[in-house]
Amino acid sequence: MSRRKTERLLNLVICLLATRRPLSAEHIRQAVPGYDAANDEAFQRMFERDKNELREIGIPIEVQKDPWEEDPGYRIVRQAYELPEITLEPDEAAVVGLAAQVWQRASLAEAASGALLKLRAGGVETDEAGGMLGGALELRVDTRDPAFPALWEAVRDRRAVRFPYRAAASESVLTRTVEPWGVVSRRGRWYVVGHDRDRGASRVFRLSRISGPVVPVGRPGTVVVPDGVDITSMVGYRDDMTVQERTALIRVREGACQGLRQVAKAVRQGRDGWDELDVDFTDPERLAGWVVGFAADAEVVGPPDAREAVICRLKGALT
Amino acid sequence: MSTADRLPRLLALVPYLMSHPGAQVPEVAKVFGLSEKQLIDDLQLVWMCGLPGHTPGDLIDVSWDGGEIIIDNAETIARPLRLGVDEASALLVALRMLAELPEFGERDALTRVIAKFEQAAGEGAAAVSSQVAVEVDATPDALPTVKEALRRGRRLSLRYYVPGRDEVTPREVDPMRLVVVDGRSYLSGWCYRAEAVRLFRLDRVLTVEILDVAADPPADATPDEVTPGVFRPSPTDELVELELTPAGRWVAEYYPCEQAQELGEGRMRVALRARDQDWLVRLALRLGDTGRVLSPASLAESVRQAAASALNRYESVS
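Okay, structure coming up:
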């Protein structure tokens, strides 16, 4: 933005805020420096662009069309423009300071620091250092997935999106069309939850598996989040409830397999240099994936499907 | 801030100067993330603006004699612009996450702040912020003790599990910070075993106790930009190439890969570095037939040997 344009826009904001009655475009053209030299058509274009730019940074321009006036009138209503009075207690200021530093990537980090700046400009004292634990507490959330900004916008604008997606362990990438209900971070991974139009059902997608650009589809404001949807519980493991938990018997070499020993519900010392562990599991493949890493130091004795799963992986690694 | 952000900045700068009369140039420049020269340039621009008519009496009056900024005749834009949806949402989502943090102890302040911002931000932001959530892991057992040690400035003795090497090691640590990354808690502190600042994932701390010794990390120890992750490979670690089937692609999602190349039908080739050879063998065994080591050949051979000796157990015992 050129200096002259910034000047013109600032004067325009002041002009529209200062007026009580809506001003016609022609009136604004006379009142705000920077417009006067242009011809009619150029002025109209310039004025349209300026209004759009002001709206983009969140300035509410009211348009009033009176039946007895030929041209619409413009103004900025002070109550809609101004940050309401906010006062923060010291403990509140501390948590705001901390919250503003959470985001690690451009889009939200800038939004958070922009918010903080406005608050401070409004005379709200925020505690930059974050007074928690004497400043020793630090919080970070990373939105590293390239798909994140577009999905944030889609959720904000209530707009459907389309993106290429490779489901877990799938050979192919399919285009999915989704009405997003929300985005959730769980254990360091981001997920988008919503209604999958192609499947006609609710689905959860992991952002790291979105393999291309996220493109908005249709008009903003059209996505409706159904009542009672709990986006965080949709992302949780769904098989935990339905699959029976079982116990595996695992023989481990003395002194080895610390990780397995930590989660075992029972450890029995053996005679022959091998100890026996009871380890709870639900998915034999998950268990096998872990136990197999201990190679010749661990052996799943049973149940048979878990034992077989380990043998299968070992054979796979051999070829 | 880029020049495109200049107007929003000016609309915050003027109210800031109004609410902080007599503020100093260096201090204001710092708050706005500007050089002093850039700030003066902003002030000069503001000085050219004002009410229609633009007679001297209409223009904003601003001076910075001796570095002290005085602004006048700017009542029209004396209040900052209200928070945008993104701005309010960014704060609200973070505040809601804080409220989820176990034993944070500021629940009361958070409830009040969230209510204030929801009111100030309007419906849009309140809605967005309830649609974006950062889940917080269950409270690790070690958390209360670690917090107490930080508060009292005491050294900690802990037993820590390192999955990469499958080791439980005793450590003495001078705690420096509690870091919560993506909902997971870590202790950052000076580790006497490593003689360096280390990051400990709290759910891997098996036991912890506070020692009757004051924490005394070296003066130059900084809780630097520690990147949590399974491992922090150094560029000198050997580059390992893996070929993955679709069922093995999770490797590329979980570990930082330096190269990733699609091979068609969902298969891919990745290259990564890891500090521990043992960890790599473990990874390759876990992959089974969903991935294989392309290079180095020595690693591929280690994997084959490990698999063969393990299989030998299964076959001889059963």
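Protein chains in written order, with this note's numbering: chain B, 5 to 323; chain S, 812 to 1129.
All C-beta atoms in this analysis are idealised placements derived from N, C-alpha and C, irrespective of residue type, glycine included.
Note that this is a predicted model, so its numbers are computed, not measured.
With the criterion set as a beta carbon lying under 8 Å from some beta carbon of chain S, the members of the segment 145-160 of chain B are V145, D146, W156, V159 and R160, in sequence order. Around the C-beta of G225 of chain B, fewer than 16 other C-beta atoms lie within 10 Å, and the residue is accordingly described as exposed.
Excluding five sequence positions before and after A960 of chain S, the CB atoms of its chain that fall closer than 6 Å to its own CB belong to L967, P986 and I1021, given in chain order. Rounded to the nearest angstrom, the Cβ distance from D75 of chain B to E30 of chain B is 7 Å, consistent with a contact under 8 Å. Apart from sequence neighbours up to five positions away, the residues of its chain that approach P981 of chain S with a beta-carbon distance below 6 Å are R970, ordered along the chain. Nearest Cα to P220 of chain B within the set B:D287, B:E312, B:R166 and B:T286: B:R166. Between Q83 of chain B and G77 of chain B, the beta carbon gap of about 18 Å keeps them out of contact (Cβ cut-off 8 Å). Chain-ordered, the chain B residues with CB closer than 7 Å to the CB of T887 of chain S read I18, L21 and A22.
The segment 142-154 of chain B and the segment 95-108 of chain B touch, with no fewer than 3 CB-CB distances between them shorter than 8 Å. Only buried fits T1056 of chain S, as 16 or more other CB atoms lie within 10 angstroms of its CB. As the crow flies, the alpha-carbon of D897 of chain S is around 52 Å from that of E312 of chain B.
Ranked by Cα distance from L121 of chain B, the first of S:Q1116, S:T1018, S:A840 and S:V1081 is S:A840.
For M1079 of chain S, the enclosing beta strand (DSSP E) begins and ends at R1078 to R1084. A residue is called buried once 16 or more other Cβ atoms fall within 10 Å of its Cβ, and T1101 of chain S is buried on that count. Shortest Cα-Cα distance from P1107 of chain S to any of S:A1095, S:A953, S:L1050 and S:R962 involves S:L1050.
Against chain S, the CB of R311 of chain B has a partner CB under 9 Å away; the residue lies at that interface. DSSP places G1075 of chain S inside the beta strand (DSSP E), whose first and last residues are Q1070 to G1075. One finds nothing in chain S with a Cβ atom closer than 8 Å to the Cβ of Y39 of chain B; even the nearest lies about 12 Å away. DSSP lists no beta-bridge partner residue for P230 of chain B. If you draw a straight line from the Cα of A310 of chain B to the Cα of A1007 of chain S, it is about 41 Å long. In the DSSP assignment, A164 of chain B falls outside any alpha helix (DSSP H) and within the unbroken beta strand (DSSP E) covering A164 to Y169. Taking the Cα positions, G868 of chain S is about 47 Å away from R907 of chain S. DSSP places G861 of chain S within a strand segment (E or B) once states are collapsed to three. Contact between L921 of chain S and L909 of chain S is confirmed by a C-beta separation of about 6 Å, below the 8 Å threshold. Cα atoms of V229 of chain B and V177 of chain B: separation of roughly 27 Å, rounded to the nearest angstrom.
For the beta strand (DSSP E) assignment, the uninterrupted runs of no fewer than 3 residues enclosed by the segment 830-878 of chain S are, from N- to C-terminal side, 872-874. The Cβ atoms of R988 of chain S and S999 of chain S lie closer than 9 Å to each other. At least one CB of chain B lies nearer than 9 Å to the CB of S830 of chain S. Contact note: C860 of chain S reaches chain B through E11, L14, N15 and I18, using a C-beta cutoff of 7 Å and chain order. Exposed is the label assigned to P1029 of chain S, since fewer than 16 other Cβ atoms lie within 10 Å of its Cβ. The continuous stretches of beta strand (DSSP E) do not include L211 of chain B, and DSSP gives it neither H nor E. For Q1070 of chain S, no CB of chain B lies under 9 Å from its own CB, so it is not counted at the interface with that chain. Taking a beta-carbon distance threshold of 9 Å, V1024 of chain S does not count as an interface residue toward chain B. Taking the CA atoms as reference points, R7 of chain B sits about 22 Å from D883 of chain S. I18 of chain B is positioned such that its CB atom lies no closer than 9 Å to that of T1047 of chain S.
Residue-level contact check: W875 of chain S does not touch chain B, since none of the beta carbons of chain B fall below 9 Å from its beta carbon.
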